[in-house]
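Peer 1:
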Amino acid sequence: MMIQNSQELKEHEEMRSLVAELLYQLADDDFLIAYRGSEWLGLAPHIEEDVAFSSINQDTMGHAVMYYQLLEEIGEGKVDDLAHGRPSHYRKNAVLLELPNGPGHYRKEPEFDWAFTVVRHYFYTQAKKVKVDSLKDSSYKPLANVAVKINMELYYHLMHWKTWFHQLLSSNDEARRRMMAAIEKVCADFGGVLSLGPNGEQMAQHGLIEGEEMLMRRWTHEMESVFESLNLSFPESFGMKHGDGRKGEHTDHLVEATATLSEVYRIDPAAAW
Amino acid sequence: MVIWEKVRTDIEAALSTVKDPEISSVSIVDLGMVEDVQEENGEVAVKLLPTFMGCPALDIIQKNVEEALLQVDGVDEVKVSFIHHPPWTSERITEKGRQGLKEFGIAPPPKKLEQTGEWKVDCPYCGSPYTTMENIFGPTACRSILYCSSCKNPFEAMKPVSTML
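Line by line, the protein sequences give chains A and W. Mapping the first sequence onto our numbering, position 142 (from 1) lands on 142, and the numbers just tick up by one. Mapping the second sequence onto our numbering, position 2 (from 1) lands on 1002, and the numbers just tick up by one.
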């Protein structure tokens, strides 16, 4: 069944709640990774990267806004409230995306880990690409339209992270060692990224997005050749070491991140910006 | 008596005075952002296509469209909305828009992409095809930074954005 707009969706409550759940996952994922990325501003390895990474974060935050707008259209509340006002246990992002960039704080003694950032962003962006490709055929037309739009910007993001991944793993011994440690750390929580949560099967049955297994297969297909070309063995498993974000399980890092991010919003939630 | 045909012409003229806030030589019409304009009894509804989603200029553009149209005799109310379908692509930029970008020192996006996804851009200053990409990402979401090997100028280019990517 193809649903053309939000009015039509509101007549099918089961479908409406599935669309909402999927949108929360997509929106919160982009919102958190864009925030973690923006903490690198002024700290990236060189000035070209600072320019590029800022642009990517800005795009990604724009994607989160689009998803939050779709949620507003189906009666979930106002965009700003959805982004800033929801407590942690209502958030549906994968836990991997809320983990800090490394020890320290962006304003004080940041000892951020660039290898972890490259691996997390590359793995995430490829997963996002797989999902967005699938969403282009979503049975909820407004979501399919947004996917077409996001896909065009995603092309450049993916190319960017793939380049870093290749270059650092083909560099000297220290770079390779640090990248391999980062891969291990990311894999321990990457299971959460490709998860569609407790109702993933119903989402697939309703044609909102393909099932987890298919998404995983497509992601693996893209990544295997990259791993092979770099003489790396493909990871055996992907876990959810720090919790299952799709079920609202999160770390204290998320509480801190959203508190920082929503500082201005909370001064006056009714203000128009 | 209000002559509605004149109002419509004035609306079109007013829209082409709304420039990209970051590129003063190009209007939103030339960028291909205006998808639909409906006018009925002084109420105007404008549908715009956003270029890049995270672009902070979108709010400013919306405000400027409202202000420009409210100046038009016969227009009492303006509603501006951003829609995602059809998606904006860089092919929507008009010939006049491409000229305007060049005047500003920004190379227009390539009209055609190679099969490999590579793109070639001529220098907006000297027209030389001998250019190199310095950074796909530039000062704004829609621009890249390049360098001209002929006239030795760094310059910016509008990123090609296509559903083919």
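All C-beta atoms in this analysis are idealised placements derived from N, C-alpha and C, irrespective of residue type, glycine included.
1) If we count Cβ pairs, one from each stretch, closer than 8 Å, do we get three or more for the stretch 1106-1114 of chain W versus the stretch 1152-1165 of chain W?
2) Give me the DSSP bridge partner(s) of Val1078(W).
3) Have a look at Ile33(A) and Ala181(A) and give me their C-alpha separation to the nearest angstrom.
4) Taking 8 Å as the CB-CB limit, is Asp28(A) close to chain W?
5) Please report the residue range of the alpha helix (DSSP H) in which Ile1011(W) lies.
6) Kindly indicate if chain W contains any beta-carbon less than 8 Å away from that of Ile209(A).
7) When you compare only the Cα positions, how much space is there between Tyr1125(W) and Lys1102(W)?
8) Shortest alpha-carbon distance to Pro1050(W) belongs to which of Val1121(W), Ser1144(W) and Leu1031(W)?
9) With a threshold of 8 Å on Cβ separation, who are the neighbours of Arg266(A) within its own chain once the five nearest residues in sequence on each side are excluded?
10) Using a Cβ-Cβ cutoff of less than 7 Å, which residues in the same chain neighbour Met1133(W) once the five nearest sequence positions on both sides are dropped?
11) So if I threshold CB-CB distances at 7 Å, which residues from the stretch 1085-1098 of chain W count as touching chain A?
12) Going along chain W, which residues have a C-beta under 8 Å from Met152(A)?
13) Do Thr1094(W) and Glu1022(W) have their C-beta atoms closer together than 8 Å?
14) Less than 8 Å between C-beta atoms, sequence neighbours within five positions excluded: which residues of the same chain meet that for Ala175(A)?
15) Decide yes or no for the touch test of the stretch 54-71 of chain A against the stretch 23-38 of chain A: beta carbon pairs closer than 8 Å, at least 3 of them.
16) Of all the options Asn1153(W), Val1037(W) and Glu1118(W), which has the alpha carbon lying nearest to the alpha carbon of Glu1077(W)?
17) Please compile the residues from chain W whose C-beta is within a distance smaller than 7 Å of the C-beta of Met61(A).
18) For Lys141(A) versus Ile3(A), is the C-beta spacing smaller than 8 Å?
19) Just checking: is the beta-carbon of Gln25(A) within a distance shorter than 8 Å of some beta-carbon in chain W?
20) At the level of alpha carbons, what is the spacing between Gly102(A) and Phe1052(W)?
21) Around the Cβ of Glu236(A), are there at least 16 other Cβ atoms within 10 angstroms (buried) or fewer (exposed)?
22) When you compare each of Tyr155(A), Gly248(A), Glu224(A) and His46(A) to Met1164(W) by their alpha carbons, which one comes out closest?
23) Roughly how many angstroms lie between the CA atoms of Phe53(A) and Asp1073(W), to the nearest whole one?
24) For Lys247(A) and Glu8(A), I'd like the C-alpha separation in whole angstroms.
25) How about the stretch 1006-1016 of chain W and the stretch 1053-1064 of chain W: do they share at least three Cβ pairs that are nearer than 8 Å?
26) Could you pull out every residue in the same chain whose Cβ sits closer than 6 Å to the Cβ of His89(A), ignoring the five residues on either side in sequence?
27) Going along chain W in order, which residues have a C-beta closer than 7 Å to the C-beta of Asp58(A)?
28) When DSSP labels each residue in this structure, what does Cys187(A) get in the three-state scheme?
29) If you draw a straight line from the alpha carbon of Lys78(A) to that of Tyr68(A), how long is it in whole angstroms?
30) Closest to Arg91(A) by C-alpha separation, out of Ala271(A), Asp244(A) and Glu263(A), would be which residue?
31) Where does Ser1150(W) fall in DSSP's three states?
32) For Gln126(A), write down the residues that DSSP places opposite it in a beta bridge.
33) Give the secondary structure of Arg1143(W) by DSSP, where H, G and I count as helix, E and B as strand, and everything else as coil.
34) Would you list the residues sitting across from Val1037(W) in a DSSP beta bridge?
35) Comparing C-alpha positions only, which one of Met15(A), His105(A) and Asp81(A) sits nearest to Glu39(A)?
36) Of all the CB atoms in chain A, is at least one closer than 8 Å to the CB of Asn1064(W)?
Peer 2: Working from what's here:
1) These segments touch.
2) Within the second sequence, the letter at position 78 stands for residue 1078(W). Val1078(W) pairs with Val1044(W).
3) Here residue 33(A) refers to the residue found at position 33 of the first sequence. Here residue 181(A) refers to the residue found at position 181 of the first sequence. Answer to the nearest angstrom: the Cα atoms are 20 Å apart.
4) Your numbering for residue 28(A) matches position 28 in the first sequence. So no, Asp28(A) is outside the interface.
5) Walking along the second sequence from the start, residue 1011(W) turns up at place 11. From DSSP, the alpha helix (DSSP H) with Ile1011(W) extends over Trp1004 to Leu1015.
6) Numbered from its first residue, the first sequence carries residue 209(A) at position 209. For Ile209(A), no Cβ of chain W is located within less than 8 Å of the residue's own Cβ.
7) Counting from 1 along the second sequence, the entry for residue 1125(W) is found at position 125. Counting from 1 along the second sequence, the entry for residue 1102(W) is found at position 102. Their backbone Cα atoms lie some 8 Å apart in a straight line.
8) Your numbering for residue 1050(W) matches position 50 in the second sequence. Selected option, being the one with the closest Cα: Leu1031(W).
9) Translated into positions along the first sequence, residue 266(A) becomes position 266. Same-chain partners within the cutoff: His84.
10) Counting from 1 along the second sequence, the entry for residue 1133(W) is found at position 133. Cβ neighbours of Met1133(W) beyond the five flanking positions: Ser1144 and Leu1146.
11) Taking 7 Å as the upper bound on Cβ-Cβ separation, chain A lies near residues His1085 and Pro1087 of the stretch 1085-1098 of chain W.
12) For this step, residue 152(A) is matched to residue 152 along the first sequence. Neighbours of Met152(A) across chain W, judged by C-beta separation under 8 Å: Pro1087, Thr1089, Val1161, Ser1162, Thr1163 and Leu1165.
13) On the second sequence, residue 1094(W) is found 94 positions in, with the first residue counted as 1. On the second sequence, residue 1022(W) is found 22 positions in, with the first residue counted as 1. Contact flag unset, no.
14) Position 175 of the first sequence, counting from 1, holds the residue named residue 175(A). Only residues of its own chain outside the window of five on either side were considered, and among them Ala115, Leu168 and Leu169 have a CB closer than 8 Å to the CB of Ala175(A), listed in chain order.
15) They touch, by the three-pair rule.
16) Counting from one through the second sequence, the residue named residue 1077(W) turns up at place 77. Per the Cα distances, Val1037(W).
17) On the first sequence, residue 61(A) is found 61 positions in, with the first residue counted as 1. Neighbours of Met61(A) on chain W, chain order: Gly1054.
18) Residue 141(A) sits at position 141 when you count from the first residue of the first sequence. Residue 3(A) sits at position 3 when you count from the first residue of the first sequence. Their beta carbons are under 8 Å apart, which means Lys141(A) touches Ile3(A) by this criterion.
19) On the first sequence, position 25 is the one that residue 25(A) refers to. With respect to chain W, the C-beta atom of Gln25(A) has no partner C-beta closer than 8 Å.
20) To locate residue 102(A), count along the first sequence from 1; it is residue 102. To locate residue 1052(W), count along the second sequence from 1; it is residue 52. About 30 Å.
21) Start at 1 with the first residue of the first sequence, and residue 236(A) comes out as number 236. Taking all protein chains shown into account, Glu236(A) has fewer than 16 neighbouring C-beta atoms within 10 Å of its C-beta and is therefore exposed.
22) Locating residue 1164(W) in the second sequence gives position 164, where the first residue counts as 1. For Met1164(W), the closest C-alpha among the options Tyr155(A), Gly248(A), Glu224(A) and His46(A) is that of Tyr155(A).
23) Here residue 53(A) is taken as the residue at index 53 of the first sequence, counted from 1. Here residue 1073(W) is taken as the residue at index 73 of the second sequence, counted from 1. Distance between the alpha carbons of Phe53(A) and Asp1073(W) is about 46 Å.
24) To locate residue 247(A), count along the first sequence from 1; it is residue 247. To locate residue 8(A), count along the first sequence from 1; it is residue 8. Rounded to whole angstroms, Lys247(A) to Glu8(A) spans 28 Å at the Cα level.
25) These segments do not touch.
26) The sequence position of residue 89(A) within the first sequence is 89, counting from 1. Hits under 6 Å: Gly248.
27) Residue 58(A) sits at position 58 when you count from the first residue of the first sequence. Sequence inspection shows Gln at residue 58(A); the Asp mentioned does not correspond to that position. Neighbours of Gln58(A) on chain W, chain order: Gly1054 and Ala1141.
28) To locate residue 187(A), count along the first sequence from 1; it is residue 187. Reduced to three states, the DSSP call for Cys187(A) is helix.
29) Here residue 78(A) refers to the residue found at position 78 of the first sequence. Here residue 68(A) refers to the residue found at position 68 of the first sequence. C-alpha separation (whole angstroms): 8 Å.
30) Sequence index remark: in the first sequence, residue 91(A) carries index 91 (1-based). Between Arg91(A) and the set Ala271(A), Asp244(A) and Glu263(A), the nearest pair of CA atoms involves Asp244(A).
31) Your numbering for residue 1150(W) matches position 150 in the second sequence. Residue state, collapsed to three classes: coil.
32) In the first sequence, counting from the first residue as 1, residue 126(A) sits at position 126. DSSP output for Gln126(A) lists no bridge partner at all.
33) As a working note, residue 1143(W) is residue 143 in the second sequence. Secondary structure at Arg1143(W): strand, using DSSP grouped into helix, strand and coil.
34) The residue given as residue 1037(W) occupies position 37 in the second sequence. Listed as beta-bridge partners of Val1037(W) by DSSP are Val1046(W).
35) Stepping through the first sequence from its first residue, residue 39(A) is reached at position 39. Nearest C-alpha to Glu39(A): His105(A).
36) By 1-based counting over the second sequence, the position of residue 1064(W) is 64. No, no contact with chain A.
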